[in-house]
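Please read the structure below before turning to the comments.
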Amino acid sequence: MELRFTVLASGSSGNASVIQTGGSAILVDAGLQRPGLLGRLEKAGLAEAPLAGMVLTHTHSDHWNDSALSWLAGQGVPLY
């Protein structure tokens, strides 16, 4: 089984990574605004990968963003 780890953003202005295996993916942190997150997912070729869940590592503001979390909740993506 192949595992792919992609860092979408890392730093004080936002953190987000994706772990992908098979046909699904898990988002680790969502510290970017929705448009930025979607753009980086698309640029990494992950826009079509179904998100099986999102893991929030901790609640510092660079690891979560209201617009991203609201969008993920609207998509029915579970938050862990």
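36 is the number of the first residue of the sequence shown in our numbering; add one for each residue after it.
Just so it is clear, CB atoms sit at the ideal spot from N, CA and C, and this is done for glycine as well.
Residue burial annotation: Asp101 is exposed, with fewer than 16 other C-beta atoms found within 10 angstroms of its C-beta. Here Ala108 is exposed. Its C-beta has fewer than 16 other C-beta atoms within 10 Å. Of the candidates Gly66, Gln55, Gly58, Leu62, the residue whose Cα lies closest to the Cα of Gly46 is Gly66. The beta carbons of Ile54 and Val42 sit about 11 Å from each other, so the pair does not count as a contact at 8 Å.
Counting only runs of at least 3 residues, the segment 44 to 89 fully encloses the following beta strand (DSSP E) elements, listed from N- to C-terminal order: 51 to 56, 59 to 63. In this structure, Ala87 sits near Ala60, with a CB-CB distance shorter than 8 Å. DSSP places Leu91 in the coil class of the three-state scheme, outside both helix and strand. Here Trp99 is bridged, per DSSP, to Ala65.
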